[in-house]
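So the structure is just underneath, and the comments pick up after that.
In structure tokens, the structure reads:
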């Protein structure tokens, strides 16, 4: 914590709700304070753009509107990735001395920026990062960028100071946030503001030269865009591999030469790192001088990097980033591509004669970044970690849209008893030798963020819906194709609706797919897709079970233990144990009883207890990468996932394991949970949602 207080704000309350505590960082154009939201009693970071105090009075209103407009775009981006820092509010502040400045309120992050981590490691004599360690840390950064790149948006200031790490950085289990999707581009496009700042001897640049791509130094190399971020991300990766910045130079001119020198490219091998031919080839392409020869997006780059590291599976990207040709020759900014433009679907089809910058096909939406530097007296400040930067702190230049300055809109949150599953990608299915054919081949799937129920829908919850007339009554008997009279007699008593008082907190079972679908819709939700269910259960890291790689025990889930085998003997059913222990429940168990078996994202009972209906019809997998897949339009069977209380095989507990049943099946072992799009308003009435038991 610094004792400095350049704006004399400590102890003051901003916008009647942010009590400023202390300074946490300062740069050429902004200072960042920690504050407490007095209503929520939660810490926030407030970034004051004091460098804009010299903006002409007649320009301030339009400048503030630009902040709000950019905030709308940036908040939408961060809602799609947990790895982009969240914005909370935007407003203006005038000090007692008359100093006017815009500010942004941002989520407070615990941890350290990557540049501080690298500096500390260098001083401690730590060894360079391995290729796999670099990949693991930068993969979430790349995927956050790829969300923006799929919309034609470039960050343009990727550097270690803008990568914030919470947790042990080399462990693979830390949280990473991308900072400073900001406003430098917006301000640099404001010619009136530039003219006013020029009178004070200052100007704005929207990148940090030590991580600059050739086109950022000279328009002769082409336009900036997503490929510019690829170049910078590659430089960050190489710095981690070699323990020092990749570009060599002590001033702006030297760094520009190093960035575009065809005789000495800053690739890992050229800088002394020991990497495989495959890894070197990835960086050779990422660091091409010509933007058109690089990977077009961060998703393409990180997918190629993953394959070079030995991770199996096809390379995957989201919507292709717009090609460099889609930008004006020599343009200084990024473009927001009209989704109806052919450049979004296929960059190769772009016709510069039909879609010209400034026309309806391209909307310049200045989202530049706050690597804001001061140029004055011939000196360049804040071009290295040793100098000032606009954001060496746990915050980001990303405003929250609001109808008026300093009025915060509460961000969308997943409803009670649900959890947000962040946007991401993973390899769906399994290529293991013992995996069933319907799990193969594994294929890369990318998903938008969504909400999913923490628990399987309970018997009481379902009964309340049917009592309200919004759901069909749950069956009291089992029914499926080929059922015998003995099976009907044995298993019908296990339909939990038969004993609401005793099993109200157990999962509803014996319901058909249509009943499950109707219940979710009555709650303004839906059944999760098969891809969503698997991702919520396993996450992106390829773990064997929802909780990790540890073998299942009676503490992880409700499956078939000694109690289940005993029940089977008493009822003439031969059941095999999964573990030689008693999990406490011979059939279904109350939801949420096994916290040790939670998935990495939080949902309980994703394996065991009851199988869960999902939205999709059954279909064979293909190797093609997919984005938000929904399965075929028609089919004979619907997929169920997760295994049940009578599960006897470890393979049934793998998140990739899938089974299917006819939609009208009423099984003692089938239940469900609901999901919803992240950002979907919760319009369900309170009476449609019974109190949780």
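In the numbering used here, the protein residues as written are -6 to 686. Don't be surprised by glycine CBs; every beta carbon is placed ideally from N, CA and C.
Roughly how many whole angstroms lie between the Cα atoms of residue i and residue j?
{"i": "residue 120", "j": "residue 137", "result": "28 Å"}
{"i": "residue 14", "j": "residue 153", "result": "26 Å"}
{"i": "residue 433", "j": "residue 44", "result": "56 Å"}
{"i": "residue 278", "j": "residue 75", "result": "28 Å"}
{"i": "residue 474", "j": "residue 436", "result": "32 Å"}
{"i": "residue 537", "j": "residue 149", "result": "38 Å"}
{"i": "residue 421", "j": "residue 618", "result": "10 Å"}
{"i": "residue 594", "j": "residue 549", "result": "15 Å"}
{"i": "residue 529", "j": "residue 574", "result": "28 Å"}
{"i": "residue 261", "j": "residue 232", "result": "9 Å"}
{"i": "residue 366", "j": "residue 609", "result": "Low confidence applies to residue 366: its pLDDT is 30, below 50, so where it sits in the model is not reliable, and the reading given next is rough at best. Roughly 52 Å between the two C-alpha positions."}
{"i": "residue 254", "j": "residue 429", "result": "52 Å"}
{"i": "residue 379", "j": "residue 230", "result": "Reliability of the predicted coordinates at residue 379 is poor, the pLDDT of 36 falling under 50, and the value obtained from them is presented with this limitation in mind. Approximately 19 Å between the Cα atoms of the pair."}
{"i": "residue 454", "j": "residue 497", "result": "8 Å"}
{"i": "residue 481", "j": "residue 491", "result": "14 Å"}
{"i": "residue 263", "j": "residue 140", "result": "31 Å"}
The beta strand (DSSP E) with residue i in it runs from where to where?
{"i": "residue 115", "result": "Element bounds for residue 115: not the beta strand (DSSP E) but the alpha helix (DSSP H), 107 to 117."}
{"i": "residue 444", "result": "443 to 446"}
{"i": "residue 669", "result": "668 to 670"}
{"i": "residue 617", "result": "Note, residue 617: premise wrong, no beta strand (DSSP E); not H, not E."}
{"i": "residue 436", "result": "436 to 440"}
{"i": "residue 208", "result": "No beta strand (DSSP E) holds residue 208; the alpha helix (DSSP H) holding it covers 207 to 210."}
{"i": "residue 470", "result": "Neither: residue 470 is in no beta strand (DSSP E) and is coded neither H nor E."}
Enumerate in chain order the residues of its own chain whose CB-to-CB distance from residue i is below 6 Å, with the five nearest sequence positions on each side excluded.
{"i": "residue 564", "result": "483"}
{"i": "residue 281", "result": "287"}
{"i": "residue 241", "result": "251"}
{"i": "residue 545", "result": "646"}
{"i": "residue 472", "result": "659"}
{"i": "residue 98", "result": "37, 39, 81, 82"}
{"i": "residue 9", "result": "none"}
{"i": "residue 205", "result": "252"}
{"i": "residue 669", "result": "444, 518"}
In or out: residue i buried (at least 16 other Cβ within 10 Å) or exposed?
{"i": "residue 100", "result": "buried"}
{"i": "residue 623", "result": "exposed"}
{"i": "residue 446", "result": "buried"}
{"i": "residue 418", "result": "buried"}
{"i": "residue 679", "result": "Annotation note: pLDDT 38 at residue 679 (below 50); position unreliable, coordinate value reported separately. Answer is exposed; the Cβ neighbour count stays below 16."}
{"i": "residue 246", "result": "exposed"}
{"i": "residue 292", "result": "buried"}
{"i": "residue 267", "result": "exposed"}
{"i": "residue 56", "result": "buried"}
{"i": "residue 222", "result": "buried"}
{"i": "residue -3", "result": "exposed"}
{"i": "residue 296", "result": "buried"}
{"i": "residue 202", "result": "buried"}
{"i": "residue 518", "result": "buried"}
{"i": "residue 572", "result": "buried"}
{"i": "residue 592", "result": "buried"}
{"i": "residue 68", "result": "buried"}
{"i": "residue 170", "result": "buried"}
Excluding the 5 residues flanking residue i on each side, which residues of the same chain have their C-beta closer than 7 Å to its C-beta?
{"i": "residue 639", "result": "553, 557, 568, 662"}
{"i": "residue 298", "result": "128, 275"}
{"i": "residue 168", "result": "159, 160"}
{"i": "residue 413", "result": "407, 442, 444, 671"}
{"i": "residue 653", "result": "611, 630, 631, 632, 633"}
{"i": "residue 648", "result": "527, 530, 531, 539"}
{"i": "residue 656", "result": "505, 506, 507, 631"}
{"i": "residue 208", "result": "214, 215, 216, 217, 221, 284"}
By Cβ distance below 8 Å, which residues in the same chain neighbour residue i in space, the five residues on each side in sequence not counted?
{"i": "residue 6", "result": "12, 13, 31"}
{"i": "residue 459", "result": "465, 466, 467"}
{"i": "residue 96", "result": "7, 39, 40, 41, 42, 83, 84, 85, 86"}
Would you say the beta carbon of residue i is closer than 7 Å to some non-hydrogen atom of the ligand MG?
{"i": "residue 561", "result": "Ligands displayed in this structure: none; no statement on the ligand MG is therefore possible."}
Could you spell out the range, first to last residue, of the alpha helix (DSSP H) harbouring residue i?
{"i": "residue 415", "result": "It is not in any alpha helix (DSSP H) - residue 415 carries neither H nor E in the DSSP assignment."}
{"i": "residue 495", "result": "493 to 496"}
{"i": "residue 221", "result": "219 to 235"}
{"i": "residue 272", "result": "270 to 279"}
{"i": "residue 460", "result": "452 to 460"}
{"i": "residue 133", "result": "124 to 142"}
{"i": "residue 246", "result": "245 to 253"}
{"i": "residue 514", "result": "506 to 515"}
{"i": "residue 300", "result": "291 to 301"}
Does any CB atom of chain B fall closer than 8 Å to the CB of residue i?
{"i": "residue 433", "result": "Although the question refers to chain B, the structure presented lacks it and comprises just one protein chain."}
Practice task
Ignoring anything shorter than 3 residues or poking outside the segment 518 to 604, list the beta strand (DSSP E) runs there in chain order.
Solution key: The segment 518 to 604 contains no whole beta strand (DSSP E) run of 3 or more residues.
Exercise for the section: Tell me the start and end of each unbroken beta strand (DSSP E) in the segment 27 to 62 that is at least 3 residues and wholly inside, in chain order. Expected result: Qualifying beta strand (DSSP E) stretches, in chain order: 35 to 41.
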